[in-house]
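2 protein chains.
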Amino acid sequence: MNSKTAPALCQPDNLGMLLAMVRTEIVKAVEAELSQRGLDLRFTQFLILRRLDVLGPMGASELARVVELDGGAMTRQLDQLEARGVLRRVPHEQDRRALRIELTAPGKVLCKSVHECAARVIEESQKQLNPTERVQLQDYLERVLHTLRNKD
Amino acid sequence: MNSKTAPALCQPDNLGMLLAMVRTEIVKAVEAELSQRGLDLRFTQFLILRRLDVLGPMGASELARVVELDGGAMTRQLDQLEARGVLRRVPHEQDRRALRIELTAPGKVLCKSVHECAARVIEESQKQLNPTERVQLQDYLERVLHTLRNKD
DNA sequence: ATAAGATATTTGCGTTGACAAATATATTTT
DNA sequence: AAAATATATTTGTCAACGCAAATATCTTAT
Numbered sequence: 001m002n003s004k005t006a007p008a009l010c011q012p013d014n015l016g017m018l019l020a021m022v023r024t025e026i027v028k029a030v031e032a033e034l035s036q037r038g039l040d041l042r043f044t045q046f047l048i049l050r051r052l053d054v055l056g057p058m059g060a061s062e063l064a065r066v067v068e069l070d071g072g073a074m075t076r077q078l079d080q081l082e083a084r085g086v087l088r089r090v091p092h093e094q095d096r097r098a099l100r101i102e103l104t105a106p107g108k109v110l111c112k113s114v115h116e117c118a119a120r121v122i123e124e125s126q127k128q129l130n131p132t133e134r135v136q137l138q139d140y141l142e143r144v145l146h147t148l149r150n151k152d
Numbered sequence: 001m002n003s004k005t006a007p008a009l010c011q012p013d014n015l016g017m018l019l020a021m022v023r024t025e026i027v028k029a030v031e032a033e034l035s036q037r038g039l040d041l042r043f044t045q046f047l048i049l050r051r052l053d054v055l056g057p058m059g060a061s062e063l064a065r066v067v068e069l070d071g072g073a074m075t076r077q078l079d080q081l082e083a084r085g086v087l088r089r090v091p092h093e094q095d096r097r098a099l100r101i102e103l104t105a106p107g108k109v110l111c112k113s114v115h116e117c118a119a120r121v122i123e124e125s126q127k128q129l130n131p132t133e134r135v136q137l138q139d140y141l142e143r144v145l146h147t148l149r150n151k152d
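Chains as they are written, first to last, in my numbering: chain A, 1 to 152; chain B, 1 to 152.
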């Protein structure tokens, strides 16, 4: 009785599961690549730094919204990243409630290599897709996302 | 200074982030739909029950592999689902280490309505994609997944 | 037959993230 | 101007997950 389970049975049978699997693999691949280079950063942290680098300094809440993270979780990530010296919490000038989160110089350097690293992994993962297909994939996902968010 | 931040700046700039967002939205949508019908089930639990229903009884480890869940996490999910009476841990006949996880009759009933519910949400989410595009989306994602798993 | 190694399940531990409450400050209403 | 309301950040709490260790059992090599 050494017949293997049919491979088809291990396939996801719905989009939700497929997405979960792909996402998990990308996160794992990026994190593996990062740690291989001695860059000890989680995927979430990569997203935070990257966002700051691309968009420039911003408040913690806005940053949380942009990376789709809960405000509380953001506070703790900021604690870690600040302790590590890659970003700074600067008090907002007009609004004393708010902060301005900004990358430090070392933070920017880190961000650059991390981004290259992650970009390579993500690029790699799409190796079997030609340029047209890549654009389509992005487009389809964005449409699905839009539909879900404007549930109508 | 009431100019809104450009919408483009809130867009994901890489596939990883986009996937994470879509997945999150699908999970939220499915869970919302479920709880709306009084079906109190998490997305992970839905996947577990669904897998059991589709594939039939199997060991906990195999089930964990199939739904991409850690063994320890599976044990705890099984605890909950068993306490709830939707599945059973039956000792394996030949292998005294192993279990046979099987749905109970109520479990099957639950699974049916849950699946219909989730399928509807997932179907809905792809409303803006025509049949060809849906097939392509699935295909592209599977190819990306395959590439990631056989990293070469 | 015994020892070594592999596999199934469970449990302990640390981390992460969501949700809600607390606090401080801004904004709007009356 | 005081009160009500809204927003930014932080903290507490809880559930879920991954990883590693523990235990039991099976399998393979010697």
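We put the beta carbon where it would ideally sit given N, CA and C, even for glycine.
By a C-beta neighbour count over all protein chains shown, 10 Å radius and 16 as the cutoff for buried, is residue i buried or exposed?
i, result
"Gly107(B)", "buried"
"Gly56(B)", "exposed"
"Asn14(B)", "buried"
"Glu123(A)", "exposed"
"Val54(B)", "exposed"
"Gly85(A)", "exposed"
"Gly72(B)", "exposed"
"Glu31(A)", "buried"
"Ala83(B)", "exposed"
"Ala105(A)", "exposed"
"Val67(B)", "buried"
"Leu148(B)", "buried"
"Val109(B)", "exposed"
"Arg50(B)", "buried"
"Asp139(A)", "exposed"
"Arg23(B)", "buried"
"Val144(A)", "buried"
Taking 8 Å as the threshold (beta carbon to beta carbon), is residue i in contact with chain A?
i, result
"Gln126(B)", "yes"
"Val90(B)", "no"
"Cys10(B)", "Bear in mind that the predicted position of Cys10(B) carries a pLDDT of just 47, short of 50, making it too unreliable to give a figure here."
"Ala64(B)", "no"
"Val86(B)", "no"
"Val30(B)", "yes"
"Val27(B)", "yes"
Could you round the C-beta distance between residue i and residue j to whole angstroms and report it? I think they count as a contact, below 8 Å.
i, j, result
"Arg37(A)", "Cys117(A)", "6 Å"
"Gln126(B)", "Arg134(B)", "5 Å"
"Gln45(A)", "Gln77(A)", "6 Å"
"Ile26(A)", "Leu19(B)", "7 Å"
"Val155(B)", "Leu52(B)", "Nothing about residue 155(B) can be reported from this structure: the residues present for chain B run from 1 to 152 only."
If the cut is a Cβ gap below 8 Å, which residues of chain B does residue i touch?
i, result
"Arg23(A)", "Gly16, Leu19, Ala20, Arg23"
"Ile48(A)", "Ordered by position in chain B, no residue passes the 8 Å Cβ test against Ile48(A), which lies about 11 Å from the chain."
For residue i and chain B, any beta-carbon pair shorter than 8 Å?
i, result
"Thr132(A)", "no"
"Glu102(A)", "no"
"Glu68(A)", "yes"
"Leu148(A)", "yes"
"Val135(A)", "no"
Could you tell me which chain A residues have their CB closer than 8 Å to the CB of residue i, listed as they occur along the chain?
i, result
"Gln138(B)", "Leu15, Leu18"
"Leu129(B)", "Tyr140, Arg143, Val144"
Which runs of the alpha helix (DSSP H) fall wholly inside the region 60 to 143 of chain B and span at least 4 residues, in chain order?
60 to 67, 71 to 83, 105 to 125
Would you list, in sequence order, the uninterrupted alpha helix (DSSP H) runs of no fewer than 4 residues that lie entirely inside the region 35 to 64 of chain B?
43 to 55
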